[in-house]
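Participant: Numbering (our numbering), first residue to last: 4 to 125. Before anything else, here's the structure in question.
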């Protein structure tokens with residue numbers, strides 16, 4: 004049996020505000036198997052975007068971080084990579100090759116996964 008495509012366990016993402024860590028998401032568990040389609044739904048402010056940004060390693064570095072939990076991704080070559088704690092260069096290699104994100108209203112913002120030059124040229 005293949006490992007799940009994505010496995011999240013005990014995810015807790017926080018933002019540092021006024022010297023305190025404020026939890027934006029906590030205790031998120033999710034397992035996505037091969038061939039499954041999953042929709043992350045919830046009310047405004049429920050943590051959908053923070054969960055997605057955590058998976059992609061795109062939380063704002065100055066104030067956001069993953070405080071607890073594990074995010075494991077099965078890559079195209081079959082290896083499983085723990086995404087939490089990866090250095091920026093390793094994350095860049097994962098993004099686009101093995102995982103991607105469709106941002107809300109993509110025509111009104113730049114995508115941090117691509118260089119500005121690539122996006123302007125497009």
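Cβ atoms here follow ideal geometry from the backbone N, Cα and C, with glycine treated the same way. Every value quoted in this text rests on a predicted model; they were computed, and no experiment measured them.
For residue 6, which option in 35, 19, 117 has the closest C-alpha, if you only look at C-alpha atoms?
Facilitator: Nearest C-alpha to residue 6: 35.
Participant: Closest by CA to residue 116, which one among 99, 41, 107?
Facilitator: When each option's Cα is compared against that of residue 116, the closest is 99.
Participant: What residues in its chain sit with their C-beta under 6 Å from that of residue 67, if we drop five residues either side in the sequence?
Facilitator: Excluding sequence neighbours, residue 67 sits near 18.
Participant: Tell me, please, which residues DSSP counts as bridged to residue 84.
Facilitator: Paired residue(s): 76.
Participant: Taking DSSP's pairing of strands, which residues face residue 9 in a bridge?
Facilitator: According to DSSP, residue 9 bridges with 35, 76.
Participant: Indicate whether residue 53 and residue 21 have their beta-carbon atoms separated by less than 8 Å.
Facilitator: Result no, Cβ atoms of residue 53 and residue 21 do not sit closer than 8 Å.
Participant: What are the boundary residues of the alpha helix (DSSP H) that includes residue 97?
Facilitator: From DSSP, the alpha helix (DSSP H) with residue 97 extends over 91-97.
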